[in-house]
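Counted the way the UniProt record's numbering counts, the sequence shown spans residues 1 to 417. Where is the CB? At the ideal position from N, CA and C, for every residue including glycine. Single-structure report; data block below.
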Amino acid sequence: MNLPVPPIGIEVLKQHLIDPEICIRCNTCEETCPIDAITHDENNYVVKAEVCNGCMACISPCPTGAIDNWRTVFKAEAYGIEEQFTWDELPAEKPIGDVGANTEQGTIAEEDDTDRLAFVRGAVVPPWSAAKPYVNLYTHKAPLTATIVGNYRLTDESAERTSPAADIHHIVLDFGSTPFPVLEGQSIGILPPGTTRDGKPHHARQYSIASPRNGERPGYNNLSLTVKRVTQDHEGNAAEGVCSNYLCDLKKGDTVTVIGPFGSTFLMPNHPNSHLLMICTGTGSAPMRAMTEYRRRRRLKGATGKLMLFFGARTKEELPYFGPLTKLPKDFIDTNLAFSRTPGQAKRYVQDAMRERSADVAQLLKDEHTYVYVCGLRGMEDGVLQALQEIAEGSGIGWPGLWERLKREGRLHLETY
Ligand code: FAD
Ligand code: A2P
């Protein structure tokens, strides 16, 4: 077939697009983009062709890979954001000839690791020894049905009297005989039933997996989630979260529609002498539970790496997994809890607890086998990075160099929402 060849001088663009069929609207790309080239409406996340410079900073953090789509177009005919907002699927590639030969913009920017790392706060690669994850095995077009085999309230009933947002559930999903291979640190998407006010199906919500790769119950084809019932928006106004309420109300035997798994960087190292420094708040404990439990199961088989956990919640009654956590042996995991709203006590955040243990945290930071995980409230990221910087510098480690190394070597992972 003879393809039309663009005349010399007509600019061609490798246009960056987001696949609306795979995108789970988690906002990670919009937050990551250093030049505000990504935006969204209630339907889609889209890329402004005239702003995007192909820096690739958004590619690795995207949990689904929806972000990594490109179409070769004449620059004058690039898809505008208004058109992208209406898409249910990506347009097919239109053949326009051997574009690379004709224009400087015919190819996307070469991946430059140094530039990319300057834009991101956490690693864009997994730990070197992490197992290879499967991602996007089940999609919006071909989802999977799982059966609820357990739904238990984790937080104390009394917590709700002081805090309306304290209902957190441990929910176990079983996949029967359908394969759903996962790793600790990955997440899944849940498609809640029903439609939005304008009649569109609800978009998927993302939940971290709280169980190890070999199942909530070892050897079973199941996994668990840690879901907080959302009853207020971020400003404290009453709001009934669509998916979290749906999940928290599910009964044993009900079915849910699942997509995923997602995530190819927030993964745990597999070498047994690696240390895990885990910092989380609230439901951000889900991946930490998965990793800790995997290590607990493997410990018998000779894992020697250290586990250090900083875990924050409003009160001990609101801390998911409080009971089981406090029963773990001290020589297995060094657990540090921080409560911000215990009556009669000063407000304490995870970063305060980290500073109190700065000598031990610094010891871990000095070790090239240490992997740092931060998960939970978006607001904690700044404070935790600040604490890490102070602890590093207080013990004579230059933070800019260490931070760069942690990112490059897949040893600092941030997942906040
Ligand atoms: P929506 O109907 O989407 O929102 C209702 C209102 O509540 C909106 O105004 C919204 O802005 C606000 N809102 C949304 N989320 C919150 C919140 N957390 N606190 C206060 N207000 C909120 N959630 C978990 O419970 N457990 C997890 O393990 C978990 N892992 C996640 C991992 C990733 C990578 C991401 C991006 C999100 C994760 N979430 C997790 C959040 C989850 O995807 C949903 O956003 C959350 O359950 C709210 O969905 P909803 O449908 O109930 O609320
Ligand atoms: P606070 O009492 O100030 O809200 P939540 O219950 O909303 O999921 O929050 C979990 C914990 O994280 C709470 O103790 C909350 O304290 C705390 N928190 C709030 N903001 C930050 C922050 N910037 N850094 C660390 N922890 C925070």
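Distances from the alpha-carbon of M380 to those of R299, P343, T281 and E356 put T281 closest. With a threshold of 16 other beta carbon atoms within 10 Å, Y321 meets it and is buried. Runs of the alpha helix (DSSP H) lying entirely within the region 384 to 413 and spanning at least 4 residues, in chain order: 399 to 408. The region 176 to 187 makes contact with the region 247 to 267: 3 or more CB pairs, one atom from each, lie closer than 8 Å. A290 counts as buried, since at least 16 other C-beta atoms from the protein chains shown sit within 10 angstroms of its C-beta.
Residue state for D174 is assigned as strand, using DSSP reduced to three classes.
Between the alpha carbons of F311 and I209 lies a gap of roughly 17 Å. Less than 8 Å separates the beta-carbon of A338 from that of D352. No Cβ-Cβ contact shorter than 8 Å links E216 with T139. Within the UniProt domain "4Fe-4S ferredoxin-type" (45 to 72), complete beta strand (DSSP E) segments of at least 3 residues are found at 45 to 47, given in chain order.
Judged by the Cβ position, A313 qualifies as a neighbour of the ligand A2P at the 7 Å threshold, a heavy atom of the ligand being closer than this. Boundaries of the beta strand (DSSP E) harbouring K228: N222 to K228, taken from the DSSP string.
Between L364 and K301, the gap from beta carbon to beta carbon reaches 8 Å or more. The Cβ atoms of R121 and L385 lie closer than 8 Å to each other. Taking A303 as the centre and dropping the five residues before and after it, the same chain places the C-beta of P272 and R295 closer than 7 Å to its C-beta, in chain order. A direct Cα-Cα distance of roughly 5 Å separates E415 from C375. Distance from P127 to G401 at the Cβ level is roughly 19 Å; contact not present, criterion being Cβ atoms closer than 8 Å. Looking at the DSSP output, F262 bridges to S187. DSSP places G312 in the strand class (E or B) of the three-state scheme. Judged by DSSP secondary structure, Y294 falls within the alpha helix (DSSP H) whose first and last residues are S285 to R299. Within 7 Å of the C-beta of T196 there is not a single heavy atom belonging to the ligand A2P. Residue state for N245 is assigned as helix, using DSSP reduced to three classes.
Taking L144 as reference, the option from E393, T255, T342 and D334 with the minimal CA-CA separation is T255. Note that the C-beta distance between L412 and A123 is below 8 Å. Residue range R205 to S208 is occupied by the beta strand (DSSP E) that includes S208. Placement of the Cβ of C33 at a distance of 7 Å or more from every heavy atom of the ligand FAD is found.
If you ignore the 5 residues before and after M288, its C-beta comes within less than 6 Å of the C-beta of M278 and C280, all in its own chain and listed in chain order. C-alpha of E393 to C-alpha of H202: approximately 46 Å in a straight line.
Close CB contacts of E82 within its chain, under the 8 Å cut and outside five residues either way in sequence, are absent.
Looking at the DSSP output, H169 sits in a beta bridge with R153 and V227. In the same chain as V51, and ignoring 5 residues on each side of it, the C-beta atoms closer than 8 Å to its own belong to I35, D36 and A37, in chain order.
Beta-bridge annotation (DSSP): C280 is paired with F311 and C375.
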